[in-house]
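This report concerns only the one structure given below.
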Amino acid sequence: MAETTSVWFDCDTGFDDLLALVVASRDPSLRLAGVSTVVGNTSLDNTTANTLAAVEAFGIDAPVYRGCAQPIAGPPHTIEGLLGEGGMGTTGRRLAPARRRRAESRHAVRALIAYLRAAGEPALVVATGPLTNLAQAINLAPDVAAKIGRLVVMGGSAGAGNHTAAAEFNAFADPEAWDVVLRAGAPLEMFGLNLTRQVLIGPSDRDRIAAVGTDLAGAVADSLDAYLRIRQRDKPGEMPLHDPCTTVYLARPDWFALEPARVEIELAGRITRGATVCEFRVPRKAQPNALVATRAEGSKVAGRTVDQMVAALRAAA
Ligand code: BDR
Ligand code: CA
Numbered sequence: 116m117a118e119t120t121s122v123w124f125d126c127d128t129g130f131d132d133l134l135a136l137v138v139a140s141r142d143p144s145l146r147l148a149g150v151s152t153v154v155g156n157t158s159l160d161n162t163t164a165n166t167l168a169a170v171e172a173f174g175i176d177a178p179v180y181r182g183c184a185q186p187i188a189g190p191p192h193t194i195e196g197l198l199g200e201g202g203m204g205t206t207g208r209r210l211a212p213a214r215r216r217r218a219e220s221r222h223a224v225r226a227l228i229a230y231l232r233a234a235g236e237p238a239l240v241v242a243t244g245p246l247t248n249l250a251q252a253i254n255l256a257p258d259v260a261a262k263i264g265r266l267v268v269m270g271g272s273a274g275a276g277n278h279t280a281a282a283e284f285n286a287f288a289d290p291e292a293w294d295v296v297l298r299a300g301a302p303l304e305m306f307g308l309n310l311t312r313q314v315l316i317g318p319s320d321r322d323r324i325a326a327v328g329t330d331l332a333g334a335v336a337d338s339l340d341a342y343l344r345i346r347q348r349d350k351p352g353e354m355p356l357h358d359p360c361t362t363v364y365l366a367r368p369d370w371f372a373l374e375p376a377r378v379e380i381e382l383a384g385r386i387t388r389g390a391t392v393c394e395f396r397v398p399r400k401a402q403p404n405a406l407v408a409t410r411a412e413g414s415k416v417a418g419r420t421v422d423q424m425v426a427a428l429r430a431a432a
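Position 118 (the sequence shown) corresponds to 233 in this note's numbering; numbering is contiguous.
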């Protein structure tokens, strides 16, 4: 039998987090050891409810842990206004709330610490939301930083931001968490906006999903429709497919190029808080602390994501 790698998936579900989770769950080389939720796109209650709805609908049997309801410093900055009700907008049908699946009683930060300490080999962690859970795990148990073998993150940008001109949303939502993770020396592989803007999902993908024809496919297609209308309500257009870049990368690293860089996060900037400053001139100007994704075969990455969603919908039918 082929070997599997165990992975921890930390998310703030959100439509694109849902796609990333489904992609991970269908990768035969991965075993989802735990899924943790965090405040980000929406409140912790909503990201947890959305995650539980997703694992139940798609039959993903990994345990789900509730994580942090607040960033390390300051109040949450959620974006339901942009994404739609509950952080998972729709133009019609929506995912049914979970009836059977419940979050585990253990807090996500405690569960993540236990997972990292128990891992026989350096562990793989994927994060598609603010890094609060991971940073709090490192704050409480600094030894776990050295247990992380790979940290694959959607967040930041080597160029322009989205939440602000300078900052990507996940990084803006908890810059202090990024700072903790970077200072701890966790081996970061960063999938920022400079990369995810090369990977587009559009109306034809919505139609492919809807064509599966089940109630669940209808709900996913309608949520994708809302996602495609974020920029223009009356006209769905192509949108960057952020979070699934991380999980497609695990299966198809050959579709991406990553470059060593020194990544630091702006904590104090008057108009640049949350900006991830990437110095690629390493080691001449600085010691590298990350691999930053710079290029993707965008249509292949988006195509695989939609293929996996279609396959998951058929399997769930
Ligand atoms: C990131 O922010 C969230 O809205 C998405 O889920 C993604 O993780 C993109 O900036
Ligand atoms: Ca996300």
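Glycine included, C-beta positions come from ideal geometry on N, C-alpha and C. A quick note: this is a predicted structure, and the numbers were derived from the prediction, not measured.
- According to DSSP, Val241 shares a beta bridge with Phe124 and Val267.
- According to the DSSP secondary-structure assignment, Ala408 is paired through a beta bridge with Leu373.
- Here Thr152 is bridged, per DSSP, to Cys126 and Arg181.
- With a cut-off of 6 Å, the C-beta of His192 is classified as distant from ligand 1, since no heavy atom of the ligand falls inside that distance.
- The DSSP assignment places no complete beta strand (DSSP E) segment of no fewer than 3 residues inside the stretch 317-349.
- About 17 Å separates the beta carbons of Gly189 and Thr157, which is beyond the 8 Å limit, so they are not a contact pair.
- Counting along the chain, the unbroken beta strand (DSSP E) around Thr391 starts and ends at Thr391 to Glu394.
- Distances from the CB of Asn285 to the heavy atoms of ligand 1 include at least one below 6 Å.
- Arg346 counts as exposed, since fewer than 16 other beta carbons sit within 10 angstroms of its beta carbon.
- The residue among Thr119, Thr162 and Ala135 with its C-alpha nearest the C-alpha of Thr362 is Ala135.
- Excluding five sequence positions before and after Pro178, the CB atoms of its chain that fall closer than 6 Å to its own CB belong to Gly149 and Glu219, given in chain order.
- Val296 is positioned such that its CB atom lies closer than 7 Å to that of Ala250.
- In the same chain as Arg377, and ignoring 5 residues on each side of it, the C-beta atoms closer than 7 Å to its own belong to Glu394, Val397, Ala401, Gln402, Pro403 and Asn404, in chain order.
- The beta carbon of Ala426 sits closer than 6 Å to none of the beta carbons in its chain outside the five residues before and after it.
- Pairwise C-beta distances place the stretch 263-272 out of contact with the stretch 180-199, as fewer than three of them are shorter than 8 Å.
- Excluding five sequence positions before and after Ser414, none of the CB atoms of its chain fall closer than 6 Å to its own CB.
- The residues Gly201, Pro212 and Ala213, in chain order, have a CB closer than 8 Å to that of Ala164 in the same chain once the five nearest residues on each side in sequence are set aside.
- For the pair of segments examined, the stretch 237-247 was found not to touch the stretch 381-390: the number of CB pairs separated by less than 8 Å stays below three.
- Separation of the CB atoms of Asn248 and Val122 is rounded to 15 Å, and the pair is thereby denied contact status at 8 Å.
- In this structure, the alpha-carbon of Glu195 lies about 14 Å from that of Thr206.
- Per DSSP, Phe287 is one residue of the alpha helix (DSSP H) stretching across Phe284 to Ala288.
- Contact between Ala292 and Leu246 holds: CB atoms are separated by about 4 Å, below the 8 Å threshold.
- The beta carbon of Ser272 lies closer than 7 Å to those of Glu283, Gly307, Leu308, Asn309 and Thr391 in the same chain, with the five residues before and after it left out.
- Note: Glu379 is bridge-paired with Val392 in the DSSP secondary-structure output.
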